[in-house]
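**Q** So that we are looking at the same thing, I have put the structure below in structure tokens.
2 protein chains.
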Amino acid sequence: MPKAVCLLSGGLDSATCLALARRDGFQCYALSFDYGQRHRIELEAAARVAGALGAAEHRIVRIDLRLFGGSALTDDIAVPKGRDPAQPGLGIPITYVPARNTIFLAFAMAWAETLEACDVFIGVNAVDYSGYPDCRPAYIAAFQRMANLATRAGVEGRTRLRIRTPLLRLSKAEIVRLAASLGVDFRLTHSCYDPDPAGRPCGECDSCFLRRKGFEEAGIRDPLEYTASRG
Amino acid sequence: MPKAVCLLSGGLDSATCLALARRDGFQCYALSFDYGQRHRIELEAAARVAGALGAAEHRIVRIDLRLFGGSALTDDIAVPKGRDPAQPGLGIPITYVPARNTIFLAFAMAWAETLEACDVFIGVNAVDYSGYPDCRPAYIAAFQRMANLATRAGVEGRTRLRIRTPLLRLSKAEIVRLAASLGVDFRLTHSCYDPDPAGRPCGECDSCFLRRKGFEEAGIRDPLEYTASRG
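Below is the structure:
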């Protein structure tokens, strides 16, 4: 079985991505980050999902992105609520964390190199998403090109690293249906940027908005209990 | 004064790079990494150099690259000694740390974004060097291209991030002469991969080899005291 590193936040998209990698025959090394995010509870979801989906290993890297600041996910800045983040003209939201996906992918690339894995899975999406620059297809292609110049394997021509983004062009409803077909247990996942102290999702942040919209459009019931009812 | 993030290991090259950035009028934000390196003492050199060269700030990010392993700089693997690492045919040495420069540059990019800085300085060199893939010009160009797709500024067209590599095509002797002309205090720097418990450089690892050769060819005395005499 080929090995793959799978970035895993514990949310719906990364869980679906891991399930796809497993279905496609990869031995999966799940990688999560404790980066100072206010929704740190997602790491418990990541551990549950990695276990349920049969990851060969799950590692959590500690890095402190609060050191640089600049995001509502790591700083004491209010998380936007009650809007569709995918609507045109909103620009890049304050929940964008500078360089986050580049840092995550760089660590994934390091692990892939020592595992001699040729594949890194990341559940980025450029359809029902928040407009983060580091989720767009051109960014992913540029990262892959850079990665293949950065590493021992790329230089020696032994292997080539592929950044796999199977969810890139799916709507959130399509992701929900795909996840259901792959047997992802939605109860194990966590998507909310601003959960209450008990870990329940707010239902109103950009991430909850997209998730709820996706389940509604897919005609599938989201088993999570939100603190806010759908407006 | 424009701001710049300057990667600073505390070695000769990064100190020279910081001195150049200061001379060229940048307000410098020095960034170092405590990544599990066996020559962790270089961080003390980085702090001394940042202070002596007037960095506006110096931050040390803790990341644990021992988590993935695969290098003599982070694992219990012997550091090669007594050879010229720039000689042809040696391949990529065991001191190569997977994805290290990509991880360092990704953090630098994050800080640059929150500082609204357009410049990142890195003292990579592709002449008298150890053949690390992530020191080559093609890698740096690919990273810069990726970085400008990854960030808010690059997307909004406000600024463009430049990865500045002023030492890329200089020999080590040229770097030594440049450093001397910029007033870099060589006593403050640390280059050795395998210092003794008192922090004295071994004189025989790849990094010491290149440094000593550079000073000899430049006709300048290296003030460091090496534990091994020059063979």
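Each protein sequence line maps, in turn, to chains A and B.
In this text, residue positions in the first sequence follow the working numbering: the first is 788, and each later residue adds one.
In this text, residue positions in the second sequence follow the working numbering: the first is 788, and each later residue adds one.
Cβ atoms here follow ideal geometry from the backbone N, Cα and C, with glycine treated the same way.
Can you tell me whether CYS793(B) is helix, strand or coil according to DSSP?
**A** Three-state DSSP puts CYS793(B) in a strand.
**Q** What residues from chain B crowd round LEU795(A), counting only those whose CB sits closer than 9 Å?
**A** Residues of chain B passing the Cβ test: none, with the nearest at roughly 15 Å.
**Q** Would you please verify whether the beta carbon of ARG949(A) is less than 8 Å from any beta carbon of chain B?
**A** No, ARG949(A) lies away from the interface with chain B (no Cβ there is under 8 Å from its Cβ).
**Q** Just tell me which of ALA925(A), GLY941(A), ASP906(A) and GLY798(A) has its CA closest to the CA of ARG923(B).
**A** When each option's Cα is compared against that of ARG923(B), the closest is GLY941(A).
**Q** Under 8 Å between the Cβ atoms of ALA929(A) and LEU936(B)?
**A** The answer is yes: Cβ separation under 8 Å.
**Q** Is ARG846(B) near the ligand COA, going by C-beta to nearest heavy atom under 7 Å?
**A** With respect to the ligand COA, the structure shown offers nothing to examine, as it has no ligands at all.
**Q** So, for GLU824(A): in the same chain, excluding its five sequence neighbours on each side, which residues have a beta-carbon less than 7 Å away from its beta-carbon?
**A** In the sequence under discussion, the amino acid at residue 824(A) is Gln, which differs from the Glu named in the question. Excluding positions up to five away in sequence, the list reads LEU860 and THR861.
**Q** Relative to chain A, which residues along the stretch 920-949 of chain B have a C-beta separation below 8 Å, given in chain order?
**A** Cβ contacts with chain A: PRO920, ASP921, ARG923, ALA925, TYR926, ALA929, PHE930, ARG932, MET933, ALA934, LEU936, ALA937, THR938, ARG939, GLY941, VAL942 and GLU943.
**Q** For the stretch 890-901 of chain B, which residues have a CB atom closer than 7 Å to at least one CB atom of chain A, in sequence order?
**A** Against chain A - using a Cβ distance shorter than 7 Å - the residues of the stretch 890-901 of chain B are ILE890, ALA893, PHE894, MET896, ALA897, TRP898, GLU900 and THR901.
**Q** What whole-angstrom Cβ distance do ASP906(B) and ARG951(B) have, given they're in contact under 8 Å?
**A** About 6 Å; that satisfies the 8 Å criterion.
**Q** Beta carbon of ASP983(B), beta carbon of THR1014(B): below 8 Å?
**A** Yes.
**Q** With a threshold of 8 Å on Cβ separation, who are the neighbours of GLY857(A) within its own chain once the five nearest residues in sequence on each side are excluded?
**A** Counting only Cβ-Cβ distances below 8 Å, and skipping sequence neighbours, we find VAL884 and PRO885.
**Q** Hey, quick one: how far does the alpha helix (DSSP H) through SER819(A) stretch, first residue to last?
**A** Careful: SER819(A) lies outside any alpha helix (DSSP H), inside the beta strand (DSSP E) at 814-821.
**Q** Hey, ILE879(A) and ARG939(B) are a contact pair by Cβ (cut 8 Å); roughly how many whole angstroms apart?
**A** Confirmed, Cβ separation roughly 5 Å.
**Q** With a threshold of 7 Å on Cβ separation, who are the neighbours of SER796(A) within its own chain once the five nearest residues in sequence on each side are excluded?
**A** Around SER796(A): SER819, GLU829 and ALA833.
**Q** Do the stretch 893-905 of chain B and the stretch 863-871 of chain B touch if we need at least three Cβ pairs shorter than 8 Å?
**A** The answer is no - the stretch 863-871 of chain B does not touch the stretch 893-905 of chain B, with fewer than three Cβ pairs under 8 Å.
**Q** With H, G and I counted as helix, E and B as strand and the rest as coil, what does DSSP make of ARG846(A)?
**A** If DSSP states are grouped into helix, strand and coil, ARG846(A) belongs with the strands.
**Q** Quick check for students: name the residue ranges of the alpha helix (DSSP H) that lie wholly in the stretch 939-968 of chain A, counting only runs of 4 or more.
**A** Complete alpha helix (DSSP H) runs here, min 4: 939-943 and 959-968.
**Q** According to DSSP, which residues form a beta bridge with CYS992(B)?
**A** LYS868(B).
**Q** Any idea which residues DSSP pairs VAL907(B) with across the strands?
**A** DSSP output for VAL907(B) lists VAL792(B) and ILE950(B) as bridge partner(s).
**Q** Once the 5 residues before and after PHE1002(A) are set aside, which same chain residues still bring their CB inside 6 Å of it?
**A** If we look at PHE1002(A) and ignore the five residues flanking it on each side, its Cβ neighbours are VAL963 and ASP1009.
**Q** Can you pull the chain B residues whose beta carbon is under 7 Å from the beta carbon of GLY856(A), in chain order?
**A** Near GLY856(A) (Cβ distances below 7 Å), the residues of chain B are THR901.
**Q** Which bits of chain A does VAL848(B) rub up against, with CB to CB less than 8 Å?
**A** Chain A residues near VAL848(B): ILE850, ASP851 and LEU854.
**Q** In chain A, what lies closer than 8 Å to TYR883(B) by C-beta?
**A** What TYR883(B) touches in chain A: ARG939.
**Q** So the candidates are LEU854(B), ASP871(B), ILE909(B) and THR889(B); which of them puts its Cα closest to the Cα of LEU902(A)?
**A** It is LEU854(B) whose Cα lies nearest to the Cα of LEU902(A).
**Q** Just checking my contact of ALA839(B) with ASP921(B) at CB under 8 Å: how many whole Å lie between their CB atoms?
**A** Incorrect: roughly 28 Å between the Cβ atoms, too far for contact.
**Q** Run down chain B in chain order and give the residues with a C-beta less than 8 Å from the C-beta of ILE879(A).
**A** The contacting residues are ARG939, VAL942 and GLU943.
**Q** Counting along the chain, where does the alpha helix (DSSP H) carrying ASN935(B) start and finish?
**A** Taken as a continuous stretch (DSSP letters only), the alpha helix (DSSP H) holding ASN935(B) covers 924-937.
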